[in-house]
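Numbering (the numbering used here), first residue to last: 2 to 269. Note that beta-carbon positions come from the ideal geometry of N, C-alpha and C, so glycine has one too. Structure, as structure tokens:
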């Protein structure tokens, strides 16, 4: 009988212990969902591609044919310092104006309800993550950055045409990625002495929002194309030429201009 009593006491104690442990688990948070929508604007209006209708700060007449880029590590900030990083399913998102499905990001993460002061993200991909073979499928794999130039992937490709000083129409490839430091004045892969990481953080102005339990919030992020070419550096295609991949000074100018390229459109 003693053995049976001991067993019963042990079993009841085990049940009580399990019940106690389960009661200490944190309650599920009330959450909502976010959908990001991406758009390209120029001079305050939706971008029109394949038409030589734009004039940048340097006076270059230009057109845009393609806009492709990565954003990563999107972070939602609260006034008390709390942060929610979007990384449960995707921490890197690819945007391509030629592929409509990439212009909408239905975020997998559950977003805790409440008021958020601002949104930030990394433009491009940081050094830790931007490694060759990170992507194996199209379209992202097509953004590869040559291994000899630092590897990984482009942060951005804006492709188009501009009219030069003698009215000749030239192609331009306004591409951002890892920069190179060269020995001497000769741009040659054999003279590379180091690499420069050109990704940067974007703090979206006027990006506060609130989200309630079971609510889906749509947030439009706009790239303002003209901003790449004007502040604080006036970017002149006639000076820099059509390709900037191996011109760190040109990429540095573009990077510095990126601080105000993005803005918030509608939040609903």
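Check residue i in the structure and name its three-state DSSP category.
i: residue 240; result: helix
i: residue 53; result: coil
i: residue 110; result: coil
i: residue 261; result: helix
i: residue 102; result: helix
i: residue 149; result: helix
i: residue 203; result: strand
i: residue 190; result: helix
i: residue 267; result: strand
i: residue 168; result: coil
i: residue 85; result: strand
i: residue 234; result: coil
i: residue 92; result: coil
i: residue 48; result: coil
i: residue 126; result: coil
i: residue 58; result: coil
i: residue 136; result: coil
i: residue 131; result: coil
i: residue 215; result: coil
i: residue 245; result: coil
Counting along the chain, where does the alpha helix (DSSP H) carrying residue i start and finish?
i: residue 258; result: 249-258
Can you tell me where the beta strand (DSSP E) with residue i in it begins and where it stops?
i: residue 228; result: Taken as a continuous stretch (DSSP letters only), residue 228 belongs to no beta strand (DSSP E), as it is neither H nor E.
i: residue 142; result: No beta strand (DSSP E) holds residue 142; DSSP gives it neither H nor E.
i: residue 158; result: 157-164
i: residue 197; result: 193-197
i: residue 64; result: 62-78
i: residue 181; result: 180-183
i: residue 35; result: 32-43
i: residue 115; result: 115-117
i: residue 212; result: 210-212
Can you list, in chain order, the residues of its chain with a C-beta nearer than 8 Å to that of residue i? Leave out the 5 residues immediately preceding and following it.
i: residue 47; result: 40, 41
i: residue 162; result: 53, 63, 64, 66, 170, 171, 172, 173
i: residue 128; result: 198, 200
For residue i, which residues in the same chain have their Cβ closer than 6 Å to its Cβ, ignoring the five residues on either side in sequence?
i: residue 212; result: 33, 112, 114, 218
i: residue 180; result: 197, 199, 249, 252
i: residue 267; result: 221
i: residue 244; result: 174
i: residue 89; result: 109, 110
i: residue 105; result: 38
i: residue 80; result: 118
i: residue 149; result: 190
i: residue 96; result: 39, 70, 103
Among the residues of its own chain, which have a CB less than 7 Å from the CB of residue i, if the five just before and after it don't count?
i: residue 58; result: 230, 231, 235
i: residue 215; result: 33
i: residue 209; result: 117, 118, 119
i: residue 254; result: 234, 236
i: residue 100; result: 140
i: residue 184; result: 192, 194
When you compare each of the options to residue i by their alpha carbons, which one comes out closest?
i: residue 78; options: 139, 120, 38, 96; result: 120
i: residue 64; options: 53, 71, 74, 70; result: 53
i: residue 203; options: 138, 44, 224, 132; result: 224
i: residue 239; options: 186, 263, 164; result: 164
i: residue 172; options: 67, 75, 207, 122; result: 67
i: residue 56; options: 201, 263, 134, 226; result: 226
i: residue 190; options: 30, 137, 147; result: 147
i: residue 159; options: 178, 133, 151; result: 178
i: residue 263; options: 60, 207, 141; result: 207
i: residue 261; options: 132, 124, 195; result: 124
i: residue 156; options: 36, 187, 265, 132; result: 132
i: residue 122; options: 137, 138, 129, 76; result: 76
i: residue 241; options: 36, 61, 43; result: 61
Closer than 6 Å to a non-hydrogen atom of the ligand NAD - does that hold for the CB of residue i?
i: residue 180; result: As far as ligands go, the structure on display features none, and thus does not contain the ligand NAD.
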